[in-house]
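Here is the structure we will look at, set down as structure tokens.
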Amino acid sequence: MTTPSPAPESAPYLHADAVSVSYGATQVLDRVSLSVARGELVALLGSSGCGKTTLLRAIAGFVAPTAGRIVVDGRDITRLAPEARGTAMMFQSYALWPHMDVAANIGYGLRMRGRPRDAIAKRVDEMLKLLQLEGYGPRPISALSGGQKQRVAMGRALAVDPSVLLLDEPMSNLDYRVRLELRHELRALQQRVGIPAIYVTHDREEALTLADRIAVIDAGRIAQLGTPDEVFHHPVSPFVAGFMGADNAIDVVRTGDAWAWTPAAHGAPRARAHFRADRARLAAPGTPAGQGTVAVDGTVGQRVYLGTVYRYRIHAGADDFWVEDAERRDEGAPVRVLVPPDGLLVFPEAA
Amino acid sequence: MRPGAAALGETLARTVVLLLLAFAIFGPLANLVLWGFAERWYFPHKLPQEFGLTYWARVFAPRGSALASLWTSVGVACLTVLVTLAVAVPAGYALARLKLPVRTLILLVFLLPQAVPNLPVYVNIARVFYEINLNGTILGVVLVHASHGLVLAVWIASAAFASVDISLEEAARNMGASPWRCWTSVTLPLALPGLIASAIFVFLESLDEFTGTYFVGVPDVTTMPLLMFNASMGGNYQIASITALLLLVPSILFMLLVERFLKADVLAAIGR
């Protein structure tokens, strides 16, 4: 189920041990285990409904696990009330309180902890400075832009020096440009403060750029856990390969020490080969394939212009897939697709 | 017909409809005002023969029954609001956090007693209250008014709480607030406008209530509507009209307030 990935450098700070969650008869999480080290950011990547948010909510204390344990810094928090856990969560909707100003939102956690008034004011000023929101303290939440709300939510979470930072798709309501900017800010901030963080997202690019490790979640289980590089280049299953962008799939058979495309079923042992649209090359029919390269003969279908390249839908026997190519080609033209051996991800057909 | 004439006809028709509407709304009010200031007004005269303030002086006389009943009414209404909110706030919150089909069902059940004719219910209440010595007491009248106002109050309160996004509460818990502090610092302040609106509705309902007060309160508790009833039964239209005009004042004031407090998101959640 999970590949052996390099152990986190320090001992795990947060450890979810075989956590299961069910809503009635529906099992949402099935014995998920995950460790996060101090200062590490782990992304939970998956499509909606896969259980990634449920795991986050179980750690925050909003969902009770039906089995398993959650340990933070040696303390079992599985059955603690949310307010006793010391985690800080950032919500997809920001969840800022509209009846308080920016400063009151950021200082709320400290007020609940009974800190003296001047200490709270000092900490709030610190957070405002850290988040480049100086002077925004007395503003009402409704007067903020999406990116500013995001920063205030960040400040509220960090103000209490949380044991774990839990981020539930915090960028999904932002414009693309703001998202890019905030993503790097968030990462820099998290590394500076050194808080372990779990980041739930359905955005592959976000997970790849932000995370130290990625847990790809599928139907309540961890499909693969590893560094972005591992998960991207060495997916362990067709699901992970597809989710990481290698969603072209063709039937191949073993011929000697290489793979060959099979347009129709043969008797030979078959496998499914995945590759990315940008790792294949389009060539004239009959172009000789190099050593180990898989050649697929097909015809050009739909054409999509992407700016620098065209993306073509290729029909080849029973297979349909997309290939990117700089050259403009016409629909219906015969074409040979060449997939180099290092672009191939081969998975034996499940028996 | 020429286009210009058609447009003219339309404008005319609209004006007539608006005037009729205005008459339907303000005609009875104008009659009240006339009666309030009439010293002498006998059939078949179309307008009072003599205007004056004698009856106003009588109503506002320091020992007049009108002022006493005004204070009774306001006192009863305030107590009714307290009793109603004490029930409606927890009930509304509990209902708001229930799943939707269950919530709708319970709210409908709450509404059922309203389908039963009021009169037999009040007769029965009066009988029961008589046996437990609540008849003719302020408490008895307050309880009757509260039972009446509760339906509306619970509906509005549950809508007010339902419009508070649950993630706002979760964020508070996550930041270290106990359930109670989360409720007092986040849930209650955010639901407050809706709760104030429901309090105002209950206050106005209580101020206006007649039937229940008649059965439970008479003769010891005299509220404004009862005074008005007695006055007009005794042919004293001036006193009745002045009382009615006085009752209008809080209604109009509070309606303006309610309009400010009841926001669209609360209104949209009512009955859901």
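Protein sequences, first through last, are from chains A and B.
Positions in the first sequence are counted from 1; adding 6 to them yields the numbering used here.
Positions in the second sequence are counted from 1; adding 661 to them yields the numbering used here.
For every residue, glycine included, the Cβ atom is placed at its ideal position computed from N, Cα and C.
In this structure, does DSSP put residue 106 of chain A in helix, strand or coil? Your numbering for residue 106 of chain A matches position 100 in the first sequence. In the three-state DSSP reduction, residue 106 of chain A falls in the coil class, being neither helix nor strand.
Is residue 240 of chain A helix, strand or coil by DSSP? Here residue 240 of chain A corresponds to residue number 234 of the first sequence, with the count starting at 1. In the structure shown, residue 240 of chain A sits in coil (DSSP, three-state: anything other than H, G, I, E or B).
Beta-carbon contacts of residue 829 of chain B that lie in its chain and below 6 Å, excluding the five residues immediately before and after: Residue numbering aside, residue 829 of chain B sits at position 168 when the second sequence is read from its first letter. Non-local C-beta neighbours of residue 829 of chain B in its own chain, meaning closer than 6 Å and more than five positions away in sequence, comprise 847, ordered along the chain.
Checking contacts by CB at 8 Å: is residue 133 of chain A closer than that to chain B? Here residue 133 of chain A refers to the residue found at position 127 of the first sequence. Against chain B, the CB of residue 133 of chain A has no partner CB under 8 Å away; the residue lies outside that interface.
With 8 Å as the threshold, decide whether the Cβ of residue 914 of chain B is near any Cβ in chain A. Position 253 of the second sequence holds residue 914 of chain B. Cβ-Cβ to chain A under 8 Å: no for residue 914 of chain B.
Going along chain A, which residues have a C-beta under 8 Å from residue 617 of chain B? The question about residue 617 of chain B has no answer, for chain B in this structure spans 662 to 933.
With 16 other Cβ atoms within 10 Å as the buried cut-off, status of residue 373 of chain A: Residue numbering for chain A in the displayed model covers 7 to 357; residue 373 of chain A lies beyond these limits and cannot be assessed.
Contacts that residue 162 of chain A makes with chain B (C-beta to C-beta distance below 9 Å): As a position in the first sequence, residue 162 of chain A is number 156, starting the count at 1. Residues of chain B with a Cβ closer than 9 Å to the Cβ of residue 162 of chain A are, in chain order, 832 and 836.
Mind checking the segment 838–862 of chain B against chain A and listing, in chain order, the residues whose C-beta falls within less than 7 Å of any C-beta there? Residues of the segment 838–862 of chain B that bring their beta carbon within less than 7 Å of a beta carbon in chain A comprise 838, 839, 842, 847, 850 and 851, in sequence order.
Please name the residue, chosen from A/292, A/23 and A/46, that lies closest to residue 201 of chain A on a Cα-to-Cα basis. Translated into the one-based positions of the first sequence, residue 201 of chain A becomes position 195. Restricting attention to A/292, A/23 and A/46, the CA atom closest to the CA of residue 201 of chain A is found in A/46.
Could you name the residues of the same chain whose beta carbon sits closer than 7 Å to that of residue 246 of chain A, not counting the 5 residues immediately before and after it, in chain order? The sequence position of residue 246 of chain A within the first sequence is 240, counting from 1. Cβ neighbours of residue 246 of chain A beyond the five flanking positions: 222, 229, 230 and 237.
Taking a cut of 8 Å between CB atoms, which residues from the segment 107–121 of chain A lie near chain B? For the segment 107–121 of chain A, which is checked against every Cβ of chain B, the residues closer than 8 Å are 114, 115, 118 and 119.
Going by DSSP in three states, residue 710 of chain B sits in which element: helix, strand or coil? Position 49 of the second sequence, counting from 1, holds the residue named residue 710 of chain B. Of the three classes helix, strand and coil, the one that applies to residue 710 of chain B here is coil, per DSSP.
Integer Cβ distance of residue 360 of chain A from residue 41 of chain A, believed to fall under 8 Å: The question about residue 360 of chain A has no answer here: the residues shown for chain A are numbered 7 through 357.
DSSP-derived helix/strand/coil call for residue 696 of chain B: Taking the first residue of the second sequence as position 1, residue 696 of chain B is located at position 35. Three-state DSSP puts residue 696 of chain B in a helix.
For chain A, is any of its Cβ atoms less than 8 Å away from the one on residue 828 of chain B? Locating residue 828 of chain B in the second sequence gives position 167, where the first residue counts as 1. Yes, contact with chain A.
Members of the segment 187–207 of chain A near chain B, C-beta cut-off 8 Å: Here the close residues number zero.
Can you tell me where the alpha helix (DSSP H) with residue 133 of chain A in it begins and where it stops? In the first sequence, residue 133 of chain A corresponds to position 127, counting from 1. Per DSSP, the unbroken alpha helix (DSSP H) holding residue 133 of chain A starts and ends at 123–136.
Just checking: is the beta-carbon of residue 175 of chain A within a distance shorter than 8 Å of some beta-carbon in chain B? One-based indexing of the first sequence puts residue 175 of chain A at position 169. No, residue 175 of chain A lies away from the interface with chain B (no Cβ there is under 8 Å from its Cβ).
Tell me the DSSP secondary structure of residue 46 of chain A in three-state form. Taking the first residue of the first sequence as position 1, residue 46 of chain A is located at position 40. Residue 46 of chain A falls in the coil class under three-state DSSP.
Mind pulling the chain B residues with CB within less than 8 Å of residue 88 of chain A? On the first sequence, residue 88 of chain A is found 82 positions in, with the first residue counted as 1. Per Cβ cutoff of 8 Å: 831, 834 and 835.
If contact means a Cβ-Cβ distance below 9 Å, which residues of the segment 58–79 of chain A contact chain B? Residues passing the 9 Å Cβ filter: 63, 66, 67 and 68.
Should residue 76 of chain A go down as buried or exposed, given a rule of 16 or more other Cβ atoms within 10 Å for buried? Residue mapping note: residue 76 of chain A aligns to position 70 of the first sequence, counting from 1. Burial call: buried.
For a quick check, are the C-beta atoms of residue 858 of chain B and residue 913 of chain B less than 8 Å apart? Taking the first residue of the second sequence as position 1, residue 858 of chain B is located at position 197. Taking the first residue of the second sequence as position 1, residue 913 of chain B is located at position 252. Taking 8 Å as the Cβ cut-off, residue 858 of chain B and residue 913 of chain B do not qualify as a contacting pair.
In angstroms with no decimal places, state the Cα-to-Cα distance between residue 812 of chain B and residue 862 of chain B. Here residue 812 of chain B corresponds to residue number 151 of the second sequence, with the count starting at 1. Here residue 862 of chain B corresponds to residue number 201 of the second sequence, with the count starting at 1. Roughly 11 Å separates the two Cα atoms.
Beta-carbon within less than 8 Å of residue 12 of chain A's beta-carbon, same chain only, minus the 5 sequence neighbours each way: which residues are those? Here the question's residue 12 of chain A lines up with position 6 in the first sequence. Its pLDDT being 45, under 50, residue 12 of chain A is placed unreliably by the model, and the measurement read from it follows with that caveat. Here the set comprises 233.
Answer yes if the segment 67–76 of chain A comes into contact with the segment 88–103 of chain A, meaning at least three C-beta pairs across the two stretches below 8 Å, and no otherwise. Three or more beta-carbon pairs drawn from the segment 88–103 of chain A and the segment 67–76 of chain A are found closer than 8 Å, and the two stretches are therefore classed as touching.
Leaving out the 5 sequence neighbours to the left and right, which residues in its chain are closer than 6 Å to residue 97 of chain A when beta-carbon positions are compared? Here residue 97 of chain A is taken as the residue at index 91 of the first sequence, counted from 1. Sequence-distant Cβ neighbours of residue 97 of chain A in its own chain, meaning closer than 6 Å and more than five residues away, are 174.
Could you tell me the distance, in whole angstroms, from the CA atom of residue 860 of chain B to the CA atom of residue 874 of chain B? If you number the second sequence from 1, residue 860 of chain B lands on position 199. If you number the second sequence from 1, residue 874 of chain B lands on position 213. Residue 860 of chain B and residue 874 of chain B: Cα-Cα distance of roughly 19 Å.
So what does residue 265 of chain A bridge to, in DSSP terms? Within the first sequence, numbered from 1, the residue matching residue 265 of chain A stands at position 259. Answer by DSSP bridge pairing, in chain order: A/260.
Between the C-alpha atoms of residue 188 of chain A and residue 332 of chain A, what's the straight-line distance to the nearest angstrom? Position 182 of the first sequence holds residue 188 of chain A. Position 326 of the first sequence holds residue 332 of chain A. Whole-angstrom Cα-Cα distance: 33 Å.
Express the C-alpha separation of residue 59 of chain A and residue 35 of chain A in angstroms, rounding to a whole number. Mapped onto the first sequence, residue 35 of chain A falls at position 29. Mapped onto the first sequence, residue 59 of chain A falls at position 53. Roughly 10 Å separates the two Cα atoms.
I'd like to check one pair, residue 805 of chain B with residue 748 of chain B: are the Cβ atoms closer than 8 Å? Locating residue 748 of chain B in the second sequence gives position 87, counting from the first residue. Locating residue 805 of chain B in the second sequence gives position 144, counting from the first residue. Result no, Cβ atoms of residue 748 of chain B and residue 805 of chain B do not sit closer than 8 Å.
Would residue 101 of chain A pass as an interface residue toward chain B - the criterion being a Cβ-Cβ separation below 8 Å? Counted from its first residue, the first sequence places residue 101 of chain A at position 95. Yes, because at least one Cβ of chain B sits closer than 8 Å to the Cβ of residue 101 of chain A.
is_contact[residue 105 of chain A, chain B] using C-beta, thresh 8 Å: Residue 105 of chain A sits at position 99 when you count from the first residue of the first sequence. So, interface residue.
Per DSSP, which one or two residues make a beta bridge with residue 177 of chain A? Residue 177 of chain A sits at position 171 when you count from the first residue of the first sequence. Residue pairing by DSSP leaves residue 177 of chain A without any beta bridge partner.
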